[in-house]
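Q: I have a structure I would like to understand better, so I am pasting it below and will then ask my questions one at a time.
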Amino acid sequence: MRVLLVAGGTVLMIFGFVSGVFAAGGDAGKGKEAYDKLCVSCHGKAGKGDGVASAALNPKPKDLSDKAYNSKLSDKYLSDILTKGGPGVGKSPMMPPFGESLKENDIKNINAYIRSLAK
Ligand code: HEC
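Going letter by letter, the sequence shown gives residues 145 to 263 in our numbering.
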């Protein structure tokens with residue numbers, strides 16, 4: 145009985161830890177799925193701002209795979225531009241708002257993926 149309790153406690157702890165990590169940092173794997181559907185046409189596969197639709201954009205999206213640039217963007221800024229679109233943060237209206245279509249968790253996951261693009 146005692147062993148069972150300890151084992152159960154350990155499982156719970158590990159589970160709590162793992163879900164805590166995902167809640168705090170977002171799941172980049174899930175973020176990639178959403179990015180590939182919603183963002184790749186403008187931002188490109190690797191986040192370089194070279195998607196098929198980017199030729200028509202002025203200004204073009206900046207290179208999110210550039211580590212120095214990516215690290216300058218705060219988590220709050222990323223959430224804000226995704227939720228409110230470019231105009232919400234004083235940027236181009238060609239960056240659409242996703243606040244209506246994406247949940248807070250989706251946005252965290254996408255942001256985690258954007259971070260992972262930086263090399
Ligand atoms: C229709 C084209 C288009 C789509 C689709 C699009 N974006 Fe953008 N995005 C832009 C443009 C254009 C900018 C640049 C705005 C500027 O610099 O004024 C931008 C800027 C950004 C920035 C800010 C980068 C910076 O340099 O400040 C982030 C982050 C971003 N987009 C993420 C996303 C994500 C994530 C998605 C998908 C959920 C997405 N975008 C979908 C066009 C698009």
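Note that CB positions come from ideal geometry on N, CA and C, so glycine has one too.
Using only the alpha-carbon positions, how far apart do Asp171 and Glu248 sit?
A: 12 Å
Q: Under three-state DSSP, which class holds Ser218?
A: If DSSP states are grouped into helix, strand and coil, Ser218 belongs with coil.
Q: DSSP state of Val165, grouped into three classes?
A: Note that Val165 has pLDDT 46, beneath the 50 cutoff, so the model's placement of it is unreliable and the number below is only indicative. DSSP places Val165 in helix when its eight states are reduced to three.
Q: Between which two residues does the alpha helix (DSSP H) holding Gly173 run?
A: 172 to 182
Q: Quick check: the Cα distance between Lys176 and Val147, rounded to an integer number of angstroms?
A: 41 Å
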